[in-house]
Each structure stands twice: as C-alpha cells, then as structure tokens.
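Visitor: My structure is below; once you've seen it, I'll send some questions.
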Amino acid sequence: MTDASTVAQASQDARNSFTMIDNRTGQSWELPIIDGVLGPSVVDIRRFYAETDMFTYDPGFTSTASCDSGITFIDGDAGILLHRGYRIEDLAEHSDFMEVCYLLLHGELPNAQEKAKFEHNITYHTMLHEQMVNFYRGFRRDAHPMAIMVGVVGALSAFYHDSTDINDPHQRMVAQHRLIAKMPTIAAMAYKYSVGQPFVYPRNNLSYAENFLHMIFSVPAEDYVVNPVLARAMDRIFILHADHEQNASTSTVRIAGSSGANPFACIAAGIASLWGPAHGGANEAVLRMLQEIGSVDRIPEFIERAKDKDDPFRLMGFGHRVYKNYDPRAKVMQKSCHEVLEELGIGEEPLLKLAMELERIALEDDYFVEKKLFPNVDFYSGIILKAMGFPTTMFTVLFALARTVGWVGQWTEMIEDPSQRISRPRQLYVGNEPRDYVPIQQR
Ligand code: CMC
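Take the sequence shown: its position 174, counting from 1, is numbered 186 in the working numbering, and each next residue is one higher.
Below you can see the structure in the form of structure tokens.
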C-alpha cells in the first residue's frame with residue numbers, strides 16, 4: 013500500500029516522473045509517477061491544475077485512480093482478485109464470510125480467539141430497534157426491496173446516534189459491526205414484508221449465513237432446519253461479493269463519506285448506486301434475460317441482438333469494466349451453482365443448461381472474443397439464488413448485504429487516510445457563454 017509519506021517521497025523523486033507537453037505553447041511539466049505494490053503505476057496529477065490551469069478529463073474514470081487502498085487488488089487482464097493479498101478462490105474454498113469480513117476490516121486473517129470475538133460482536137448486534145418495524149409498515153407491500161433497503165439503512169442514523177461520530181475510532185468500529193450485523197435482518201424483513209409473513213427475529217446460535225436463511229425462510233407455524241449445503245453456498249456467495257475495489261457503489265460510499273457524512277447515510281448511498289442494472293442489478297437482469305430467451309434454439313437470435321449497435325439489448329452477466337478475462341468469482345459461482353442444484357435434486361434445471369449453452373456460444377463468438385467479454389459474477393448467481401427460493405427482486409439485496417463489509421472497510425480506510433479531502437471533481441464546461449437576463453415578456 014502506498015501511504016501518504018511514500019506518495020510525498022515519490023513526488024520528490026524527479027527520476028520517477030512523467031513529462032507532459034502542451035503542444036500549443038511547447039511548455040512542459042514533470043509529473044511524479046507513484047508505484048503501487050501490484051498493478052499499474054499512477055501519474056500524480058494533484059498539482060496539475062495549480063501548475064497548468066487545466067483539468068484532466070476522464071468521464072467514467074477509466075484511467076483514474078481515485079485513492080490509494082490496501083484492501084483489494086484486481087488484475088483484470090489475468091482474471092485475478094485478491095483481498096489483502098489472498099486469492100478469492102482460496103477464500104471461497106477454505107474461509108468463511110465472518111473470517112473474510114475480519115480480513116477486509118483488519119488486514120490480517122484472525123486467530124481463533126480474534127475470530128470468536130468478532131463473530132460474537134456481529135452476532136450481538138443483529139437485532140433491530142423495535143421501532144424500526146414501523147418503517148416497514150409505511151412501505152407499500154409491492155415496494156422493491158432495494159427501495160426499502162435504501163430507506164431503512166439511511167434511517168439507521170436516526171436510531172443509532174451513538175455511532176455516528178466519524179472522528180471517534182470506537183464509534184466507527186461500532187458502526188461497522190452494526191451495519192454488517194443488521195443488514196441480514198433488514199434484508200430479511202424487507203422480504204417478509206413483501207410476502208405478508210411475520211418478521212423473524214435473529215437467532216444467536218446460528219452462523220451468519222444460517223441466521224439469514226432462517227430469517228428469510230422460517231415461519232412461526234413450523235420448525236425450520238437450515239440445509240448445510242445451502243448455508244455453505246450462501247456463505248460463499250457473501251464471500252464472492254464482499255468487496256471489489258473502487259467500483260461504482262464503493263466510490264459512491266467514499267464520495268458521500270468524504271464530506272463527513274455518517275456511515276449509515278454513506279452505506280445507503282452505496283445501496284442506491286448498486287441498484288442499477290449495470291452494477292448490482294445485473295443478477296436480476298440475467299435471470300429475466302434467461303427467462304426471456306426461454307430455449308437453447310433462441311440463443312443465436314439474442315447473441316445477434318447483443319451485437320447490434322442499434323439494439324439496446326446487452327448480454328447481461330457478460331462484460332466488466334475491469335475484467336478482460338474470466339471473472340474469477342464467476343468460476344467459483346458456476347461450481348457452487350452445480351452443487352446447489354444437485355443438492356436440491358434439480359441438476360437438470362433448464363435455466364442452468366441455457367446459461368451454460370449461452371456462455372459456450374458467446375465465448376466462441378468473434379464479437380465477444382474481440383471485446384474480451386466474459387461471464388461476470390452475476391451470470392450464475394441468479395440461478396443459484398432462484399433455486400434456493402429467493403425471488404428475483406431479492407438478488408440485488410443479497411449483493412448489498414454482502415458488499416456492506418467492503419463498503420464499511422473502504423469508508424474506514426478513507427476516514428483514516430490523512431491525505432483524505434472532500435471529493436470534488438471538476439468539469440469541462442460546454443454550456444452557454446455569459447448572457448444577459450431576458451424578462452419574461454420579451455422571451
Ligand atoms: N453485451 C454486449 N456488448 C457488450 C456488453 C454486453 N454485456 N458489455 C460490453 N459490450 C460492448 C459495448 O457495446 C462496447 O462495444 P463498442 O466498443 O463497440 O462500443 C464494448 O463492449 C465495451 O463496453 P463498455 O460499455 O464501453 O464497457 P464498460 O466498462 O463501460 O461497461 C459493463 C462494463 C459491466 C457495464 C458492461 O459490460 C455491461 O453493461 N454488462 C452487462 C451488465 C452486467 O453484467 N453488469 C454486471 C457487472 S459485474 C457486477 C458488478 O460490478 O456489479
């Protein structure tokens with residue numbers, strides 16, 4: 013990780029610099045280059061405007077590093093995803109979500125004692141203030157659960173005032189724990205409300221994933237026994253979505269937090285950003301797309317539509333801003349998908365067959381090969397979640413639940429970074445030149 017001092021040191025090292033020339037005037041500037049531990053180096057343009065009176069221009073931030081971070085590393089060309097240096101495949105295979113949460117927040121894997129303490133802290137924050145139940149009753153029954161999530165998570169700051177002082181490390185830690193702990197409860201209540209069933213309280217004797225399945229699927233009328241294969245798959249889905257570097261929702265959380273907003277408000281902003289179909293909403297869109305395609309013989313028609321510039325249709329679950337190779341999370345998800353469907357006795361699920369055939373055909377198609385469009389994490393997750401019994405509208409909610417740890421970890425890293433300032437991008441103005449006000453009678 014490059015901290016502020018190494019940044020300053022690199023800035024002084026003139027050998028490590030990038031020359032920029034304004035061809036209009038012949039004037040040139042030396043910009044410091046800063047190396048990270050892995051991945052592309054960056055050209056430090058922080059003094060660029062002050063020295064050149066020009067901005068850099070990068071809509072969509074395709075060439076911009078917005079911060080330095082030691083949490084997650086992605087090599088999109090090689091299809092590598094590391095959390096604190098550990099490969100996502102290893103974490104998905106050998107670890108569990110609570111351990112990954114600890115790793116993301118603290119930088120190291122916990123020992124047995126640290127893990128037990130962390131799990132205890134999370135477990136004992138899972139209940140919601142009882143008055144929050146009133147919030148749910150204010151929503152329409154057919155409200156999208158993501159709409160409920162944005163509202164209820166934003167409202168947490170009204171209930172947990174004692175963990176909103178961002179300058180107090182203890183309050184920050186309590187807010188982290190509360191957010192990770194309460195998110196499954198909030199999500200499950202959003203679901204229960206939509207289906208008209210009573211809310212189910214968390215149970216402290218269950219693991220994080222088991223407890224979530226219990227709050228979603230149990231009803232007071234009968235006992236609910238959590239299937240261990242499904243609990244493991246749920247836990248793995250949480251691991252695969254835990255963090256993903258400076259994606260749209262994480263950047264939203266950082267930008268919201270850069271003004272000093274409280275963590276609950278920032279995470280609500282992240283949930284809003286995640287909702288979009290180009291981001292977390294894609295898993296919902298994948299399932300709708302597979303259902304629309306319907307049968308293997310219609311795949312070529314949809315592949316052609318995805319390639320047609322005049323058709324807004326895109327192959328959902330395909331392509332990624334960073335991965336130009338197979339998304340490593342998609343591989344784990346595909347394996348998990350088979351395990352879950354086998355366990356549920358629906359190994360021949362037509363949607364899975366359709367998805368696999370669609371993937372095969374797309375990966376052989378020149379358009380997708382040339383543009384390096386591979387399946388992403390969302391391609392198989394919808395099939396597993398549907399098989400487990402989740403309605404489509406809950407898919408993005410599960411993504412938000414799992415990503416909460418990444419959001420709070422990145423938010424904390426930003427707050428603790430001494431070089432942090434309010435995020436305030438500039439623009440290339442293309443509007444009107446100054447003009448005189450025209451009274452309404454003369455327009
Ligand atoms: N189907 C058809 N063509 C595509 C697709 C697709 N899924 N994705 C990208 N392209 C084409 C795109 O039209 C463009 O072509 P051209 O260069 O001829 O204009 C080229 O590939 C590059 O695409 P882009 O839109 O410039 O790339 P981006 O980095 O701005 O967008 C993306 C990345 C993920 C938004 C996009 O690939 C997409 O819309 N995919 C479908 C939605 C999806 O699965 N999203 C989940 C992302 S992973 C989970 C998450 O991060 O939340």
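Idealized CB from N, CA, C, for every residue including glycine. What you are looking at is a predicted structure, and each value in this text was computed from that prediction instead of being measured.
Taking the beta carbon of P196 as the centre, do at least 16 other beta carbons fall within 10 Å, making it buried, or is it exposed?
Guide: Under this definition P196 is a buried residue.
Visitor: Quick one: Cα of D89 to Cα of V334, how far?
Guide: Using only the alpha carbons, I get a separation of about 8 angstroms.
Visitor: Flag this pair as touching only if the region 93-103 and the region 275-288 have three or more C-beta atom pairs under 8 angstroms; answer yes or no.
Guide: The region 93-103, when compared against the region 275-288, does not touch it at the 8 angstroms Cβ threshold.
Visitor: Could you spell out where the beta strand (DSSP E) holding M456 opens and where it closes?
Guide: Absent from the structure is residue 456, since the part of the chain shown begins at 13 and ends at 455.
Visitor: By how many angstroms is the C-alpha of L440 removed from the C-alpha of V417?
Guide: So the alpha carbons of these two residues sit roughly 35 angstroms apart.
Visitor: Less than 9 angstroms between the beta carbons of S261 and S78, yes or no?
Guide: Cβ atoms of S261 and S78: not closer than 9 angstroms.
Visitor: What residue ranges within the region 357-390 form continuous alpha helix (DSSP H) runs of no fewer than 4 residues, ordered along the chain?
Guide: List check, alpha helix (DSSP H) in window: 362-376 and 378-382.
Visitor: If you reduce the DSSP assignment to three classes, tell me which class H141 lands in.
Guide: Coil.
Visitor: Taking only the alpha-carbon atoms, compute the straight-line gap between M345 and F60 and give it to the nearest angstrom.
Guide: When rounded, the distance between both Cα atoms is 43 angstroms.
Visitor: Leaving out the 5 sequence neighbours to the left and right, which residues in its chain are closer than 8 angstroms to I358 when beta-carbon positions are compared?
Guide: Within the same chain, I358 has close Cβ partners A399.
Visitor: Give me the residue from V265, L252, Q183 and I92 with the minimum Cα distance to G166.
Guide: The option with the nearest alpha carbon to G166 is V265.
Visitor: Let me have the residue list for ligand 1: C-beta closer than 6 angstroms to any non-hydrogen atom, ordered along the chain.
Guide: Those satisfying the condition are, in chain order, N259, A290, H291, G292, A294, A318, R326, L327, M328, G329, F330, G331, H332, R333, K383, L385, N388, V389 and D390.
Visitor: Which two residues bound the contiguous beta strand (DSSP E) that contains E42?
Guide: Per DSSP, E42 belongs to the beta strand (DSSP E) from S40 to I46.
Visitor: What does V55 pair with, by DSSP beta-bridge criteria?
Guide: BP columns for V55 point to I45.
Visitor: Check the C-beta distance from M246 over to L225 and give it rounded, since I have them as a contact under 8 angstroms.
Guide: About 6 angstroms separates the two Cβ atoms, so the contact holds.
Visitor: Suppose the cutoff is 7 angstroms on Cβ atoms and the five residues either side in sequence are ignored; what does the same chain contact list for F229 look like?
Guide: Hits under 7 angstroms: Y236 and G401.
Visitor: Out of I305, Y338, D339 and L242, which has the shortest C-alpha to C-alpha gap to K365?
Guide: The residue with the shortest Cα to Cα distance from K365 is I305.
Visitor: From S393 to I279, what distance separates their C-alpha atoms?
Guide: Roughly 23 angstroms between the two C-alpha positions.
Visitor: Exposed or buried, which one is S40 when buried takes at least 16 other CB atoms within 10 Å?
Guide: The residue is exposed, with fewer than 16 neighbouring Cβ atoms inside 10 Å.
Visitor: Could you give the residue range of the alpha helix (DSSP H) that holds H350?
Guide: H350 -> alpha helix (DSSP H) spans P340 to E355.
Visitor: Name the DSSP beta bridge partners of L93, please?
Guide: Answer is I86, bridged to L93.
Visitor: Are three or more beta carbon pairs between the region 365-381 and the region 294-311 nearer than 8 angstroms?
Guide: Taking 8 angstroms as the limit for Cβ pairs, the verdict is that the region 294-311 does touch the region 365-381.
Visitor: How is D320 classed by DSSP in three states: helix, strand or coil?
Guide: If DSSP states are grouped into helix, strand and coil, D320 belongs with coil.
Visitor: Starting from V241, trace the alpha helix (DSSP H) in both directions and tell me its first and last residue.
Guide: It spans P240 to L252 - the alpha helix (DSSP H) in which V241 sits, taken as one unbroken run.
Visitor: Could you give the distance in angstroms between the alpha-carbon of G331 and the alpha-carbon of P210?
Guide: G331 and P210: Cα-Cα distance of roughly 40 angstroms.
Visitor: Whole angstroms are fine: how far does the CA of L327 sit from the CA of R317?
Guide: Looking at the two C-alpha atoms, the distance is approximately 9 angstroms.
Visitor: Buried or exposed: which applies to R184, given that a residue is buried once 16 or more other Cβ atoms fall within 10 Å of its Cβ?
Guide: So R184 ends up on the buried side.
Visitor: Going by C-alpha to C-alpha distance, which of N35, V49, F30 and V54 sits closest to L43?
Guide: Minimum Cα distance to L43 is reached at F30.
Visitor: Going by beta-carbon coordinates alone, are F411 and A342 separated by less than 9 angstroms?
Guide: Contact flag unset, no.
Visitor: Determine the extent of the alpha helix (DSSP H) in which N295 is found, giving its start and end residues.
Guide: Here the alpha helix (DSSP H) through N295 covers A294 to I305.
Visitor: Check each candidate in K204, I86, R248 and L93 and name the one with the smallest Cα separation from T352.
Guide: Looking at the sequence provided, one finds Val at residue 352 rather than Thr. The candidate whose alpha carbon is nearest that of V352 is R248.
Visitor: Relative to the C-alpha of A199, which candidate in A374, P214, Q454 and I46 has its C-alpha closest?
Guide: Considering only alpha carbons, the answer is P214.
Visitor: Could you have a look at V450 and say whether DSSP puts it in helix, strand or coil?
Guide: Coil, per DSSP.
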